[in-house]
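For reference, the structure discussed in these notes is given below.
Numbering (this note's numbering), first residue to last: 6 to 253.
Here it is, written out as structure tokens:
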């Protein structure tokens, strides 16, 4: 056999070799992509459940940035896996699906807490980084991280962090646009999606723990005084801030 023939044979072998070839690597990559999609779906459904929102195929497709048809196939697969159940035209998490979704949500929010407390990563990057890491850390890794952080109850946005056993701390406060002029409030949660709105709020200095006074609550926006400045917020920005009234 000539050198060219030997080379061609080795190249073909590299492609089809069961564990090390290109086909095997492609299969592993495809499997990982599918696993990430499943985990993202469970996390979204779990988050919707915690927020008392009814999940829809359209909402899930938007969150995952895939087509409605692909989401429909994904939900069918989740049913087959025993992660969701169809009930009266809707779909809900099973106990197994909820546990899995809470685990991903826990890792995501712990990593954001880590980035906020232990690194200089800008707040607008926290979510993107956590989206990646949540699929790489296992439950044991997340528990080690939680221990190092002192078992925090809330992430840097103010979202509750599920415990290792699935308990979820209570959400705090209500939307800023529901307060009246004159109310003194403290920010409890800053929604990080859409990213553009979060960037605007971050730029203005809105973080959990910030105290401010509502100056004007007439639609369509809200004006507050915070850190010695008057800040006019759009209705969308105000809805993305959650606060609690400060006792007089």
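We put the CB at the ideal spot given by N, CA and C, even for glycine.
A quick note: this is a predicted structure, and the numbers were derived from the prediction, not measured.
Which listed residue (the options) has its alpha carbon closest to that of residue i
i           : options           : result
residue 248 : 43, 184, 57, 150  : 184
residue 2   : 218, 180, 213     : Because the chain here runs from 6 to 253, residue 2 falls outside it and cannot be looked at.
residue 66  : 53, 82, 46        : 46
residue 93  : 60, 151, 76       : 60
residue 142 : 222, 223, 113     : 113
residue 209 : 246, 186, 120, 55 : 246
Proximal residues to residue i (C-beta, below 7 Å), its chain only, five neighbours per side dropped
i           : result
residue 101 : 87, 88
residue 51  : 98, 103, 106, 107, 110
Whole-number beta carbon distance between residue j and residue i, since they are thought to touch under 8 Å
i           : j           : result
residue 188 : residue 244 : Between residue 244 and residue 188 the Cβ distance is about 16 Å, and since that is not below 8 Å, they are no contact.
residue 91  : residue 84  : 7 Å
residue 196 : residue 169 : Actually they are not in contact, since the Cβ atoms of residue 196 and residue 169 sit about 26 Å apart, beyond 8 Å.
Same chain only: Cβ atoms within 8 Å of residue i, ignoring 5 sequence neighbours per side
i           : result
residue 129 : 200, 203, 204, 207
residue 32  : Its pLDDT being 49, under 50, residue 32 is placed unreliably by the model, and nothing is read from it.
residue 257 : In this structure the chain extends from 6 to 253, so residue 257 is not present and cannot be described.
residue 82  : 43
Coarse secondary structure for residue i, derived from DSSP in three states
i           : result
residue 136 : helix
residue 21  : Here residue 21 scores only 42 on pLDDT, less than 50, and its place in the model is too uncertain to base an answer on.
residue 53  : helix
residue 96  : strand
residue 256 : Here the chain has residues from 6 to 253 only, and residue 256 is not among them.
residue 228 : strand
residue 31  : Low confidence applies here, because residue 31 scores a pLDDT of 43, under 50, leaving its location unreliable; read the following figure in that light. It is helical.
residue 63  : helix
residue 212 : coil
residue 198 : coil
residue 68  : helix
residue 250 : strand
residue 146 : helix
Residues of its chain near residue i, where Cβ-Cβ distance is below 6 Å and the 5 sequence neighbours each way are ignored
i           : result
residue 39  : none
residue 239 : 226
residue 117 : 131, 135, 160, 161
residue 24  : Its pLDDT being 47, under 50, residue 24 is placed unreliably in this model, and the coordinates cannot settle the point.
Through-space distance from residue j to residue i, alpha-carbon basis
i           : j           : result
residue 174 : residue 156 : 12 Å
residue 176 : residue 72  : 31 Å
residue 222 : residue 152 : 42 Å
residue 191 : residue 163 : 12 Å
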